[in-house]
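Each remark here refers to the structure printed beneath this line.
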Amino acid sequence: MKCYRREYKNLKFRIMANYATNIFYARTECSKDLNTIEAFLDGTFNGYVNRQNDCIDAEFSSRWEYPEEEISKLIASLANKDKVYIKILSYEFDSDYVSFRIFSQGKWNVKL
């Protein structure tokens, strides 16, 4: 029996990370903050953003879990944090990860 040796030349391997899906909802009467949220989501994440009247719906992916660092930057950039209501559901099925967070009256409430 003859064994053959495989040769790997110039192969580009990419390690795939598990990506979490994030379902995002924000509501505020401050149009400046809506513009900030919309621009931030469009510029930071690869996903879909939909704006209607005084609210924004979005769906985007992040590596492994809830994108805490990015969302913290978003919150810091808002003019009227106390008037913004945000809900984010993040999940990643392969690792059984789920997170549900609500930002209201300037504070986060982590449900899961």
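Quick note, my numbering runs 100 ahead of the 1-based positions in the sequence shown.
The C-beta atom is built at its ideal place from N, Cα and C for all residues, glycine as well.
| Supposed close pair phenylalanine 160, asparagine 146 - CB separation, criterion 8 Å | In the sequence shown, the residue the question calls residue 160 occupies position 60. In the sequence shown, the residue the question calls residue 146 occupies position 46. Yes, phenylalanine 160 and asparagine 146 are in contact; Cβ-Cβ is about 6 Å, under 8 Å.
| Paired residues, beta bridge with glycine 147 - DSSP | In the sequence shown, the residue the question calls residue 147 occupies position 47. DSSP output for glycine 147 lists Phe160 as bridge partner(s).
| Would you call the CB atoms of tyrosine 185 and phenylalanine 200 closer than 8 Å? | On the sequence shown, residue 185 is found 85 positions in, with the first residue counted as 1. On the sequence shown, residue 200 is found 100 positions in, with the first residue counted as 1. Contact flag unset, no.
| Over what stretch of residues does the beta strand (DSSP E) that includes lysine 207 continue unbroken? | Counted from its first residue, the sequence shown places residue 207 at position 107. Element bounds for lysine 207: 207 to 210.
| field | Expected contact under 8 Å - CB spacing of threonine 144 and glutamate 169 to nearest Å | value | Within the sequence shown, residue 144 is the residue found at index 44, counting from 1. Within the sequence shown, residue 169 is the residue found at index 69, counting from 1. At roughly 10 Å, the Cβ-Cβ gap does not stay under 8 Å, so threonine 144 and glutamate 169 are not in contact.
| query | Quick one: what does DSSP say glutamate 129 is sitting in, helix, strand or coil? | reply | The residue given as residue 129 occupies position 29 in the sequence shown. DSSP places glutamate 129 in coil when its eight states are reduced to three.
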